[in-house]
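For reference, the structure is listed below as structure tokens.
2 protein chains.
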Amino acid sequence: MSLIVQKYGGSSVADAAGIKRVAARIVETQQAGNQVVAVVSAMGDTTDELLDLAAEITDQAPAREMDILLSAGERMSMSLLAMAIDAAGASAQSFTGSQAGMFTDSLHGQARIIDVSPNRVKSALDRGHIAIVAGFQGMSPESKDITTMGRGGSDTTAVALAAALKADVCEIYTDVDGVYSADPRVVSSARKIDEITSEEMLEMAASGSKILHLRCVEYARRFGVPIHVRSSFSHHEGTWVIPDPNDTIHLEEGQPMEQPIVAGVAHDRSEAKVTVAGVPDIPGKAAAIFNVIADSNANIDMIVQNVSRLESGVTDITFTVPLSEGPAALEALRAHQEEIGFQDLELDKEIGKISLVGAGMRSNPGISAKFFGALRDAGVNSELISTSEIRISVVTRESMLDDAVRAVHTAFGLDTDVEATVYGGTGR
Amino acid sequence: MSLIVQKYGGSSVADAAGIKRVAARIVETQQAGNQVVAVVSAMGDTTDELLDLAAEITDQAPAREMDILLSAGERMSMSLLAMAIDAAGASAQSFTGSQAGMFTDSLHGQARIIDVSPNRVKSALDRGHIAIVAGFQGMSPESKDITTMGRGGSDTTAVALAAALKADVCEIYTDVDGVYSADPRVVSSARKIDEITSEEMLEMAASGSKILHLRCVEYARRFGVPIHVRSSFSHHEGTWVIPDPNDTIHLEEGQPMEQPIVAGVAHDRSEAKVTVAGVPDIPGKAAAIFNVIADSNANIDMIVQNVSRLESGVTDITFTVPLSEGPAALEALRAHQEEIGFQDLELDKEIGKISLVGAGMRSNPGISAKFFGALRDAGVNSELISTSEIRISVVTRESMLDDAVRAVHTAFGLDTDVEATVYGGTGR
């Protein structure tokens, strides 16, 4: 008998029909001889509606109270789902974050998990129940207050529970059939990935792939939880995210799987490029700049220092930050212009980032050559380059990004003629 | 400095505007130098909307899950109210039933309070906060599950908190200015009662007065909590419900108040009359009948045994039960007709009950005479009569009920020419 943790997003439980459909699927999984824990998000737009309500009251809601308000969303969906399971002939008990032992720090709105002790969930399973757990929320043992975990919270709840319960798999149900070798909306010939390593999935997520949130992949990798990303609208096999590349969990015993050289192509339109021009080319200036940025709480992604302009004794430093954080970063730098002594600042919002990800890169020379060759042939100019052991990323003009993604996807033989299926929006 | 517990029903916090209005009132109360605990119900129709959602899923929702679903309503209103208070410049913390230490038995949907230990509420007050507490809900220490307390739950929450915190007063905010000597919708000349004893209020509630729920008055009386029933739409003094008739809490020191002979006239349309005809007039038959009713969980109010018909050796036994429970009671009796040996059964739904309530009755002879005189003059025929030390109740035709109430109200000099004010619906 396997223990399966399933996570259903808000779009899967948007209305009574959706809740019944999900309930049927959960019961089916139990009747196939498994123990089932289902982590559920708030119904459809509930969270937005609650935020609107709060906005009618104040635009500076105390974080503690906002978390209490938002946590009501999962309490509704989880109890309704338990009712639907009961009506479908199985028995279920729903648990809030604190009842499920999801203990977090007290950073309201973006709490991090510090401990998971799902005793009540365990005993519910032992008594033959299906356990429903509210995603996205926890409790701070320090303040005894309700907390919420921010974006990707429900996915993280599911993976954390799977780790604590030593579940065989954590199934993340979403509105696509799995992880694709590129965004099907950009590359119609994108292929569904059957298996990808957590390491690769991390790079994909960090490079703009929206399907799984970085935090949940990190957590799954750290605790060795296999994730199966699949659609709640179909029964197709989805994508297995494997912590240990030597496992081939979704395949029959003794049927090893060939590790493809590259996993996929990710792209990201959410960043802006900041150039600090005319920085005195003397030690400590870069440090000074990035201290200022750090104080402005902007998250820097790529950094490039241009070669010093001969004789001038000055250099340019360029980096990327999330679009939303660009203005704050610029403001912070201007405030320290004298002390740092740079000549000029420039914010460029028209950039896009393309990344090629694959564990096979380590052992395969010539990947970069092929990558840049593909970009060149597509007439794509690269403005910034950064690499990891298993990733190459290039910043280019946003207008060129889609061409770039398609060109690289084709160049690495990732194209397929199987049509990708996209069903709807996703929950939190 | 006084400690004041205030309870606001769903109609007072139906929307953002209402929540802000209530917040302003609470802040005002604190700024007048008091510590304030506000118990709040779910917003307007939230509870009905949640029930509709559940009905879309199943018509047999497990009670445990239904309580989790319904309890979400107060979590929204309480956090929004705390936000509004914060926006109004004061500081508030909201607490769920379990956080506020409202411990109940595990009878989901109609849980009874078994213990109240509001430590977190106390410390919030000590730190200068206003404490908001979710009404209607608690937690069973036995099952660790969320429970709800059924009709009048939020009033009971407020009174129980007031008792545990030794509050100076429990203010119940509603949509009328207080308790009236009769239902203003029936008797336009009804007068607002300034002060009434818990004992009288109990009889009024038991006799059909809807303004305070029986449970909360019982609780207030047992623990000596003075209740001030008033409107959240005005600042008028409301009605004080005094546990000890020797207190005159709302008056200046040393200014005793004259106890009126009668407090008011209550009426009730919610009952039906059951007649068991031709019951063998031998010992034990009545017991047999009421055992059967008890097993059917019907709540009997009035009972009359007619004098035995001479020679016939049979008698009739008549009693009243809530309309909704009438059919079940009849069914139960029919199932035991042979064993009890009665001849016939009759259910009469067209009845109404009028009750005259007043602690002064004890010491004043002639009250009954005046009461029945008034009914006679109004042409009202009485079918059943029951009395307590401070109450006379009569069952009559429902069609005659309003006339009866007006006649008795006038006969006891309760009429006033001050117009009663009714503002809207009430919450739970």
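Which chain is which? The protein sequence lines are A and B, in order. Taking our numbering, I'd label the letters of the first sequence as residues 1 to 428. Taking our numbering, I'd label the letters of the second sequence as residues 1001 to 1428. We put the CB at the ideal spot given by N, CA and C, even for glycine.
Same chain, Cβ closer than 7 Å to residue i, neighbours up to 5 away in sequence not counted
| i | result |
| --- | --- |
| S1189 (chain B) | D1415, T1416, D1417 |
| E1142 (chain B) | S1106 |
| D1168 (chain B) | S1002, L1003, I1004 |
| P1322 (chain B) | S1270, E1271, N1299 |
| F1371 (chain B) | L1356, I1392, V1408 |
| R1112 (chain B) | T1104, D1105 |
Contacting residues, own chain, Cβ-Cβ under 6 Å from residue i (five flanking each side not counted)
| i | result |
| --- | --- |
| T320 (chain A) | E271, K273, D301, M302 |
| L1497 (chain B) | Within the shown structure, residues of chain B are numbered from 1001 to 1428, placing residue 1497 (chain B) beyond reach of any answer. |
| A332 (chain A) | V292, S296 |
| Q255 (chain A) | Confidence at Q255 (chain A) is low in this model, with a pLDDT of 45, below 50, so its placement is unreliable and the value that follows should be read with caution. Counting only Cβ-Cβ distances below 6 Å, and skipping sequence neighbours, we find nothing. |
| I1367 (chain B) | M1361 |
| A1042 (chain B) | G1010, G1073, E1074, S1077 |
| G224 (chain A) | P243 |
Reference residue i; option with closest CA among the options
| i | options | result |
| --- | --- | --- |
| P1283 (chain B) | B:D1059, B:Q1305, B:V1395 | B:Q1305 |
| I1180 (chain B) | B:V1241, B:H1235, B:M1149 | Checking the sequence, you will find Tyr at residue 1180 (chain B) rather than Ile. The option with the nearest alpha carbon to Y1180 (chain B) is B:V1241. |
| G379 (chain A) | A:R191, A:A263, A:A404 | A:A404 |
| F1136 (chain B) | B:D1155, B:E1056, B:I1172 | B:D1155 |
| F1103 (chain B) | B:N1119, B:Q1093, B:S1094 | B:N1119 |
| R64 (chain A) | A:D145, A:R391, A:D377, A:A359 | A:D145 |
| E383 (chain A) | A:V394, A:L375, A:I390 | A:V394 |
| A1126 (chain B) | B:F1290, B:R1391, B:A1092 | It is worth fixing the name first, because residue 1126 (chain B) is Asp in this sequence and not Ala. The option with the nearest alpha carbon to D1126 (chain B) is B:A1092. |
| A220 (chain A) | A:T197, A:F233, A:S232 | A:T197 |
| K7 (chain A) | A:G278, A:I19, A:D194, A:I172 | A:I172 |
| H1129 (chain B) | B:P1062, B:V1027, B:G1097, B:A1042 | B:V1027 |
| A1134 (chain B) | B:Q1099, B:Q1110, B:D1281 | B:Q1099 |
| G1010 (chain B) | B:P1062, B:T1410, B:E1074, B:A1055 | B:E1074 |
| E398 (chain A) | A:A164, A:I351, A:T318 | A:I351 |
| A294 (chain A) | A:A328, A:D316, A:G373 | A:A328 |
| N1381 (chain B) | B:G1358, B:A1359, B:I1354, B:I1390 | B:I1354 |
| S1231 (chain B) | B:A1017, B:A1016, B:V1022 | B:V1022 |
| H1236 (chain B) | B:G1224, B:A1288, B:I1385, B:D1175 | B:D1175 |
| L1053 (chain B) | A:A32, A:I19, A:D67, A:V187 | A:I19 |
| L1051 (chain B) | B:V1036, B:V1039, B:V1037, B:D1067 | B:D1067 |
First through last residue of the beta strand (DSSP E) which encompasses residue i
| i | result |
| --- | --- |
| D1145 (chain B) | 1145-1148 |
| L1384 (chain B) | 1384-1388 |
| A1131 (chain B) | 1130-1134 |
| I113 (chain A) | 113-116 |
| Y173 (chain A) | 169-174 |
| A1092 (chain B) | 1092-1095 |
| M1139 (chain B) | 1137-1140 |
| V304 (chain A) | 303-305 |
| I1193 (chain B) | Segment: none, I1193 (chain B) is in no beta strand (DSSP E) and carries neither H nor E. |
Element boundaries [alpha helix (DSSP H), containing residue i]
| i | result |
| --- | --- |
| F1103 (chain B) | Per DSSP, F1103 (chain B) belongs to no alpha helix (DSSP H); it is in the beta strand (DSSP E), 1102-1104. |
| M1076 (chain B) | 1063-1087 |
| V1121 (chain B) | 1119-1126 |
| R985 (chain B) | Absent from the structure is residue 985 (chain B), since the part of chain B shown begins at 1001 and ends at 1428. |
| V1405 (chain B) | 1401-1411 |
| V159 (chain A) | 153-164 |
Environment of residue i [buried if 16+ CB atoms lie within 10 Å]
| i | result |
| --- | --- |
| K1285 (chain B) | buried |
| H1267 (chain B) | buried |
| H228 (chain A) | buried |
| G1413 (chain B) | exposed |
| G369 (chain A) | It should be noted that the sequence gives Ala, not Gly, for residue 369 (chain A). So A369 (chain A) ends up on the exposed side. |
| P1062 (chain B) | buried |
| H1213 (chain B) | buried |
| E1199 (chain B) | buried |
| E1253 (chain B) | Low confidence applies to E1253 (chain B): its pLDDT is 45, below 50, so where it sits in the model is not reliable enough to give any reading. |
| R1406 (chain B) | buried |
| K192 (chain A) | buried |
| E195 (chain A) | buried |
is_contact[residue i, chain D] using C-beta, thresh 9 Å
| i | result |
| --- | --- |
| R1064 (chain B) | Absent from the structure: chain D. Protein chains present are A and B. |
key: Whole alpha helix (DSSP H) elements within the region 1206-1292 of chain B, 4-residue minimum   = Listed in chain order, the complete alpha helix (DSSP H) runs (minimum 4 residues) inside the region 1206-1292 of chain B are 1214-1223.
request  = Please go through the region 1005-1070 of chain B and give each complete beta strand (DSSP E) segment of 3 or more residues, from N-terminal end onward.
outcome  = Counting only runs of 3 or more, we get 1035-1040.
Secondary structure, beta strand (DSSP E): runs of 3+ residues fully inside the region 321-376 of chain A = Here the runs fully enclosed are 344-348, 351-357.
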